[in-house]
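For reference, the structure discussed in these notes is given below.
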């Protein structure tokens, strides 16, 4: 009986040990499954750590991957506006810039300072004046006045210079009104129409004129009505950007009159002081194109009167410039002349000739390639420059 009891207890012990071993084995296998929450699995190295993952990594001391830097776009830097030179100081440079073209003045002084002013000398003086494009009538007038005065006042060198200066100033005519009409009546803006053939520096003149207006503390608007030359619009826009003047433009090859109309309307609506209209370079022998230029002026005046029509002439073209001036004046009633390239290569006499032929004053002169090399014309300063 006692042996039977020992057998039952032994079987029970073996069974308990077997069950315990089975449970332990299953527990060890479960610790290696992916669903286990006891192990922290780091993200792939190629994957940037999220904020939550970074916090978890910090908690266990694991390294975290840095998030890539985010580039914040920089604020656009507004271009600094240039400060144009004041018109008054440009006159100071007029004499210096024209110093290279004073061959006329030196030649006249040399001839008039001779001990004997015979007929050969006076003929040489006439030839010199005609070669300088002064024109036949003004040349004859000047020679007659010089002969009369020097016969009475003598031929001393100092007196000769004074007499020549006074007579040349009279010939240039200081009584002409050379003020730019850049203001309109009442609240209307002044409208300046700039015309001329290709190659005279017309678009550049418009840009330089904008600088003069800004230097004079005036608000301005430019109209790129030269729609037939693609570079003209971009060129004008560049000039405007430099001094903060906006440009109204239209499609390439579009209607110039429409662009001019829109620009003047914009100027009226904004209340600007002056609208400057650049036009296409017209060939004076193309009547259809000249008629179109007249149309531009008429269309503009449906919005506001044109206060100034400036004809840009190349001072080196001589008599050809006079032909251009005459044709343009018949179409758009030119009120002022701008002579460009009036530097060492120009003859200078064209100033007198064009004024005599048209009865229109030279109002501005271009003295070089610089942005502020456009100056108001002054008769005395011009003559002093010629005489050196």
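Numbering (the working numbering), first residue to last: 1152 to 1539.
Here a beta-carbon is modelled for each residue, glycine too, at the ideal position from N, C-alpha and C.
Where does residue i fall in DSSP's three states?
| i | result |
| --- | --- |
| residue 1366 | helix |
| residue 1330 | coil |
| residue 1420 | helix |
| residue 1534 | helix |
| residue 1521 | coil |
| residue 1483 | helix |
| residue 1415 | helix |
| residue 1261 | helix |
| residue 1542 | Absent from the structure is residue 1542, since the part of the chain shown begins at 1152 and ends at 1539. |
| residue 1283 | coil |
| residue 1454 | coil |
Kindly identify the DSSP beta-bridge partner or partners of residue i.
| i | result |
| --- | --- |
| residue 1527 | 1515 |
| residue 1488 | 1462 and 1513 |
| residue 1376 | For residue 1376, which the question treats as bridged, DSSP gives no partner whatsoever. |
| residue 1344 | 1428 and 1460 |
| residue 1311 | The partner list for residue 1311 (beta bridge, DSSP) is empty, contrary to what the question assumes. |
| residue 1397 | 1372 |
Give me the Cα-Cα distance between residue i and residue j, rounded to the nearest whole angstrom.
| i | j | result |
| --- | --- | --- |
| residue 1471 | residue 1517 | 18 Å |
| residue 1392 | residue 1355 | 14 Å |
| residue 1271 | residue 1294 | 13 Å |
| residue 1492 | residue 1378 | 25 Å |
| residue 1395 | residue 1484 | 31 Å |
| residue 1441 | residue 1479 | 8 Å |
| residue 1384 | residue 1375 | 5 Å |
| residue 1350 | residue 1463 | 10 Å |
| residue 1504 | residue 1324 | 11 Å |
| residue 1320 | residue 1373 | 35 Å |
| residue 1458 | residue 1233 | 27 Å |
| residue 1331 | residue 1380 | 27 Å |
Count the other C-beta atoms from every protein chain shown that fall within 10 angstroms of the C-beta of residue i, then say buried if there are 16 or more, exposed otherwise.
| i | result |
| --- | --- |
| residue 1486 | buried |
| residue 1342 | buried |
| residue 1362 | buried |
| residue 1466 | buried |
| residue 1284 | buried |
| residue 1359 | buried |
| residue 1243 | exposed |
Starting from the C-beta of residue i, find all residues in its chain whose C-beta is less than 6 Å away, skip the five residues before and the five after it, and write them out in chain order.
| i | result |
| --- | --- |
| residue 1236 | 1523 |
| residue 1300 | 1314 |
| residue 1364 | 1371 and 1425 |
Could you name the residues of the same chain whose beta carbon sits closer than 7 Å to that of residue i, not counting the 5 residues immediately before and after it, in chain order?
| i | result |
| --- | --- |
| residue 1310 | 1304 |
| residue 1502 | 1323, 1490, 1513 and 1533 |
| residue 1444 | 1346, 1430, 1433, 1482 and 1483 |
Flag residue i as yes when its Cβ comes closer than 6 Å to any non-hydrogen atom of the ligand ADP, and as no otherwise.
| i | result |
| --- | --- |
| residue 1265 | As for the ligand ADP, it is missing from this structure, which has no ligand bound. |
With a CB to CB cut of under 8 Å and the five nearest residues on each side skipped, what residues in its chain are close to residue i?
| i | result |
| --- | --- |
| residue 1339 | 1419, 1455 and 1456 |
| residue 1507 | 1286, 1288 and 1289 |
| residue 1528 | 1329, 1490, 1502, 1512, 1513, 1514, 1515 and 1516 |
| residue 1269 | none |
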